[in-house]
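In terms of my numbering, the numbers along the sequence shown are unbroken and rise by one, the last being 309.
Comments concern the structure below.
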Amino acid sequence: MAVMTTEKRAVSAPAKAGSEPAGRVRAELRDLQISFRLPDMSTLDVISGISMTVSEGEFVAVVGPSGSGKSTILRALCGLLKPSGGHVAVDGVPVSSPPPGVGFMFQKDALLPWRTVAGNIRVGAELGGMPAEEHEERIGRLVKLLRLDGFENAWPNQLSGGMRQRVSLGRLLAYQPSLMLMDEPFGALDYQTKIAMGKELLSVWEAERRAIIFVTHDIEEAVALADRVVVFSARPARIVADYKVDLPRPRHMRAMRSDPAFTMLTEAIWADLALPS
Ligand SMILES: Nc1ncnc2c1ncn2[C@@H]1O[C@H](COP(=O)(O)OP(=O)(O)OP(=O)(O)O)[C@@H](O)[C@H]1O
Ligand SMILES: [Mg+2]
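So, in structure tokens, the structure goes:
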């Protein structure tokens, strides 16, 4: 049976010294506040004092109610949105424009229809500034890893939804980001494909160990994939729990789901979100 810590850590307070895993801090939010001015000139408080860090090689999942501000946090981290207060930094540098080395993957794939599978993955390599002579090797490796062999020259409209998401993931990985921001990347996929994509992502992550912030509605997906699961409250969002997931890696998607420790943690998160289980 897997061993799991369902320990709750520093909640809605700045991370305490010594509570972070070893490794360089890649992303830091400190006392983040985000409010929007609405057309009627009223103010919508979306984020209310969130502090968290994500270290090198760490896989952090964020779950929370719809509209709680999960996407907003990712937008602040990649410089698309200016916070109303607090501090956002990537690799120790305050974020004011899209930081180098940060890659983003959305819920819906945004493949270029006029580029083939290999061509779309190449976009990542080009944007990431990889030397041209290294492109072929990197693309070839990603195509294999993501089980797209034989489809290198296919066009996006010739692919299934799951394949398109695999190409999107390939493009993100070709960019070689040091920090990957993923906003419900598998949310639109059917259950089976979603599990398969999770496996794919983990095999890549276990090989390359990039820092990941992975937003999802799916509590089981969060626990199955991540080292930590951060739970947001309803808007204005604060952190209600931060769980360490000590399930051994590599993880076995099906076997893990019947593990009592896995169930215990998912139940605890359901309760945090005050959702009927
Ligand atoms: N540019 C904006 N102007 C005004 N309000 C905004 C803006 N962007 C987001 N919001 C509001 O902020 C809140 C949080 O939005 P956000 O997209 O971050 O939620 P979310 O947690 O990602 O939700 P979901 O799980 O449904 O994707 C919502 O109420 C949304 O209406
Ligand atoms: Mg969202």
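No residue lacks a Cβ here, since even glycine has one placed at the ideal position from N, Cα and C.
Does DSSP classify residue i as helix, strand or coil?
i, result
"residue 223", "helix"
"residue 276", "strand"
"residue 121", "strand"
"residue 126", "strand"
"residue 139", "coil"
"residue 61", "strand"
"residue 107", "helix"
"residue 116", "coil"
With respect to the alpha helix (DSSP H) encompassing residue i, which residues constitute its N-terminal and C-terminal limits?
i, result
"residue 197", "193 to 206"
"residue 101", "It is not in any alpha helix (DSSP H) - residue 101 carries neither H nor E in the DSSP assignment."
"residue 148", "Looking at the DSSP string, residue 148 is not in any alpha helix (DSSP H), and its letter there is neither H nor E."
"residue 303", "292 to 304"
"residue 257", "251 to 257"
"residue 174", "164 to 177"
"residue 286", "285 to 289"
Among the options, which has the Cα closest to the Cα of residue i?
i, options, result
"residue 177", "115, 240, 216", "240"
"residue 279", "264, 257, 125, 300", "257"
"residue 298", "273, 282, 267", "273"
"residue 269", "60, 74, 217, 83", "83"
"residue 102", "64, 123, 125", "64"
"residue 154", "216, 288, 74, 205", "205"
"residue 121", "194, 90, 57, 263", "57"
"residue 115", "236, 250, 292, 62", "62"
"residue 215", "293, 303, 138, 74", "138"
"residue 144", "233, 191, 250, 88", "191"
"residue 199", "211, 259, 74, 172", "172"
"residue 296", "230, 281, 276, 284", "276"
"residue 142", "189, 286, 183, 105", "189"
"residue 235", "91, 79, 74", "91"
"residue 250", "196, 100, 301, 70", "301"
"residue 105", "74, 60, 253", "60"
"residue 95", "287, 113, 263, 294", "263"
"residue 124", "117, 146, 85", "85"
Along the chain, where does the beta strand (DSSP E) that runs through residue i open and close?
i, result
"residue 243", "243 to 247"
"residue 133", "Counting along the chain, residue 133 falls outside any beta strand (DSSP E), and DSSP gives it neither H nor E."
"residue 81", "75 to 87"
"residue 212", "211 to 215"
"residue 183", "Looking at the DSSP string, residue 183 is not in any beta strand (DSSP E), and its letter there is neither H nor E."
"residue 270", "Premise fails: residue 270 is in no beta strand (DSSP E) and is neither H nor E."
Skipping 5 residues on each side, what residues in its chain have a beta carbon closer than 6 Å to that of residue i?
i, result
"residue 68", "76"
"residue 203", "152, 153, 155, 156"
"residue 108", "115, 120"
"residue 308", "Low confidence applies here, because residue 308 scores a pLDDT of 49, under 50, leaving its location unreliable and the question unanswered by this model."
"residue 225", "194"
"residue 208", "160"
"residue 218", "226, 229"
"residue 246", "93, 214"
"residue 303", "none"
"residue 254", "93, 95, 248, 261"
Got a sec? Which residues, its chain only, sit under 8 Å from residue i by beta carbon, not counting five neighbours each side?
i, result
"residue 110", "127, 130, 131, 134, 136, 213"
"residue 290", "none"
"residue 282", "234, 235, 238"
"residue 285", "227, 230, 231, 256"
So with Cβ pairs under 7 Å, would you call residue i a contact of chain D?
i, result
"residue 71", "The structure shown contains no chain D; it is built from a single protein chain."
Within the same chain, show all residues whose beta-carbon is closer than 7 Å to that of residue i, passing over the 5 residues directly before and after it, in chain order.
i, result
"residue 186", "148, 149"
"residue 266", "97, 100"
"residue 196", "141, 143, 188"
"residue 78", "66, 67, 68, 101, 104, 267, 268, 269"
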